[in-house]
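Written below as structure tokens is the structure these notes are about.
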């Protein structure tokens, strides 16, 4: 094996870690907003991702049937639609369920678990129990070979770029927009925010819906990597919560850092052992660190 | 730090929250059998001081010695077991339990997990509950759910729960807040009675009340001690007047 | 007679007695062995639900990882039985006789060292009780010492669940993988699959469950029970009354873990296999709903909850598989939004007042001595001692009749 081979393997392995990082981050972002900022445990978060994934699938089938010429272009529109549908449903769920439970976090957990069961069954009844995949546009397939023996899959690059875009957008929105200001004010001191004229219940609804919308984008992005089934979302939920908790709830940068750390640990460990053992090792490390440092990596210092 | 005869010796105590010094190199001594009142404007660090002594907040520096034993690193429940009792600003009682249960739970026996499993409510415990309840004027209300008591009675109940533990140092954070005039009088008498044989630290705003009960008054301002001495002395201290009336 | 009545009311023993009558007398007399065995299986889940009442209802700590302890208890029982079923004589066609079949399929040629203790029944039983408890102690001690509670604790327990599931599935050669440990037949030569054995195991299970409930009831009535309630209300006050709050929560968690492990072991004895599908996140959360449906504060309610939900599950997933998940969803949401105290709460608020009217006043024993005051927050089935028996029979068997019909 020559030096360039080793270099290439390292690079590709590093990119595999980077892909996992973008997947984890996309999953975590929506939760970081809902759980980190509002303190709401949404166990149905994975199902909101599935909504996004099925939206892409629907768009792909519809374009194939009615607008075959449009096949290479539908994807960006579908992603926007995934956000909108998940956003709208999130808005509705906040109104119907979540707002009654703000003071009872553990009960929210149970209720949203129930919601996730209902959503899974709805997916199953609508799309069937079989896993489905959309027909991806050609430009998402194949790989990019910048050098001899170096293959970077394009769908991985796409997810990475999308993640960067969404993360940037969330950071910008949270720290530069009126909505972000309202959210941060509400998190810091709810009664005070209310007193200064912020409609906190409306802010809550919007925040929850945006978190769900981002989950929709995440689900849309995952269709480029794998297929979608009714219970796909539930596979991610624990990982997503661990990413957010490990990073330190309430800190978006913490979420980014923890997604990166977890992804690299896991992909490096996968190099030395089986996938499942790598997963066990990574999870055990997270749990151990969380036991020693329950506030997560980046916790805001507050006077208690 | 050297050992002293004082029951409580706080020396050079400092705590900072992200750079803000809530308590700044504070030194305070409390005698045995003394009733000390701490006054000061809002944000002076009075409650934080009590939090530090009972271990709820951890000091950044300095020492707290109770009966010449260092308290700054000790776990909260051990501080309590060594003889320090603390009443919180808002009455902190078990609303769903009866007055009797509130007091019984505070009886200092069966404090470990298995001790609590084996704990029996003996005649001794019942007698003690009754005597403390009489002391805090709740002798006839033992079966009442604590949540149904008036605000003043809740304050008394919490004091009673502390008395059950027979602490050598009792710290009361605004014990007469929300009380009627009559209740204030009764509380004043109660404090005079319970400081026999133990030291008491009281945080209070009501100057008439302070004047009536205090042996010695400490005035705090911005995490430091501004003045200390008899009520008359601190009331005429120009620095104190400036803090309360100035700005 | 009156004193017995008032004692029953005060200690909640009346409702325990009724429950005991139902599961020890009524069920065996009215059901065929197949149904009874099914009930036996559900009752093993009730151990978990009873543990959750102590941990969640009383301690205020929600664990979403009880499947871990149920699974550990079950797996360790299964390991013993598997080794007994894998003697060199019966496994002589394997390339390595004398080891469990799944090990042989995975090219393992020697029994791993950590399987060795499970050759002996006393060691295996000891492990069933101790290993989950010690694990629970390690997890909870680390967490509660650092004042981690609420949702964070729930998430960590879920992660532990995931770890154990992935580990079991991934280490197929040592654990049997996805299929689990199957073909369990005997304990010390006693065949557990005969009709007679099934009856004996059912009654053993029922007896253990009643004993567990009595133990928990005794704990609730002790000072420790009062302290758990007090902690839920004002944790700081308990701490500053000289109690090490974290140790009380650790105790509740260890107790719940040990009960779950007993349930898991009884599951294996009655059902004859153990698999990761009983360890994971989904069964762990389902077990929470058993306790929630019964009423998170009611020990007896937890048993009814486990029975009712499982009867419902069996019935609906057979007849209307599409509807079942919706029903389950409605159960989760409804129990949280509309009936936070579950069946026990409904009984307290709707049935008991009517009972009280019919039978003049409820037992006045409750305030004979102040020390025996029961905190009103606990919906005991205290009224059950007055003619509660016919009532409980109408309250529960809805689900029972639904399945036998």
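Residue numbers (our numbering), protein chains in the order written: chain A, 2 to 305; chain B, 27 to 273; chain C, 919 to 1323. Beta carbons are placed, not taken as given, at the ideal position from N, Cα and C, and that holds for glycine.
- Straight through space, the alpha carbons of residue 120(A) and residue 92(A) are spaced by roughly 15 Å.
- Secondary structure at residue 183(A): helix, using DSSP grouped into helix, strand and coil.
- The beta-carbon separation of residue 81(B) and residue 100(B), rounded to 6 Å, stays under the 8 Å limit for a contact.
- In chain order, 13, 144, 145, 146 place their CB closer than 8 Å to the CB of residue 152(A), counting only its own chain and leaving out the 5 sequence neighbours on each side.
- DSSP, reduced to helix, strand and coil, places residue 289(A) within a helical segment of the structure shown.
- Beta-bridge partners assigned by DSSP to residue 247(B): 250(B).
- In the structure shown, residue 120(B) falls within a coil segment according to DSSP collapsed to helix, strand and coil.
- Sequence-distant partners of residue 1132(C) (beyond 5 residues in either direction) whose C-beta falls short of 8 Å from its own C-beta, in its chain, are 934.
- It is roughly 7 Å from the alpha-carbon of residue 1190(C) to the alpha-carbon of residue 1101(C).
- DSSP assignment within the segment 1105-1169 of chain C yields the following whole alpha helix (DSSP H) runs of 4 residues or more, N-terminal first: 1113-1139, 1141-1151, 1153-1157.
- Assignment of residue 55(A) by DSSP, reduced to helix, strand and coil, places it in the helix class.
- DSSP places residue 979(C) outside both helix and strand once states are collapsed to three, so it counts as coil.
- Taken in chain order, the complete beta strand (DSSP E) segments of 3 residues or longer contained in the segment 29-71 of chain B are 34-43, 46-56, 61-65.
- Taking a contact to require three or more Cβ pairs closer than 8 Å, the segment 1218-1236 of chain C and the segment 81-92 of chain A do not qualify as touching.
- Each of 251(A), 268(A), 221(A) was checked against the Cα of residue 59(A), and the nearest Cα belongs to 221(A).
- Against chain B, the CB of residue 1111(C) has no partner CB under 8 Å away; the residue lies outside that interface.
- Around the beta carbon of residue 1123(C), 16 or more other beta carbons lie within 10 angstroms, which makes this residue buried.
- With a 10 Å radius around the Cβ and a threshold of 16 neighbouring Cβ atoms, residue 54(B) comes out buried.
- For residue 133(A), the closest of 81(A), 52(A), 43(A), 197(A) by C-alpha to C-alpha distance is 52(A).
- Under the three-state reduction of DSSP, residue 229(A) is assigned to strand.
- For residue 259(B), the enclosing alpha helix (DSSP H) covers residues 257-261.
- For the segment 28-41 of chain A, the set of residues with a beta-carbon nearer than 7 Å to any beta-carbon of chain C is empty.
- Proximity of chain C to residue 119(B) at the Cβ level (cut-off 8 Å) is accounted for by 1152, 1155, in chain order.
- Under DSSP, residue 112(B) takes part in a beta bridge, and its partners are 197(B).
- For residue 87(B), the pairing in a beta bridge is given by DSSP as 40(B).
- Shown here for residue 9(A): same chain residues with a beta carbon closer than 7 Å to its own, the five before and five after excluded, namely 150, 151 in chain order.
- At least 8 Å separates the CB of residue 254(B) from every CB of chain C.
- Contact between residue 1149(C) and residue 1166(C) holds: their C-beta atoms lie close to 6 Å from each other, under 8 Å.
- Under a criterion of Cβ atoms nearer than 8 Å, the residues of chain A adjacent to residue 1076(C) are, in order, 239, 242.
- Taken in chain order, the members of the segment 1223-1247 of chain C whose beta-carbon sits within less than 7 Å of a beta-carbon on chain A are 1240, 1243, 1244, 1246, 1247.
- Along the segment 9-71 of chain A, the alpha helix (DSSP H) occurs as fully enclosed runs of 4 or more residues at 46-67, listed in sequence order.
- Chain C places a beta carbon closer than 8 Å to that of residue 114(A), counting this residue as a contact.
- Between residue 124(B) and residue 169(B), the C-beta spacing is below 8 Å.
- For residue 225(B), the enclosing beta strand (DSSP E) has its first and last residue at 225-229.
- With three or more CB-CB distances shorter than 8 Å, the segment 953-967 of chain C counts as touching the segment 1177-1191 of chain C.
- Residue 238(A) carries a helical assignment under DSSP once its states are collapsed to helix, strand and coil.
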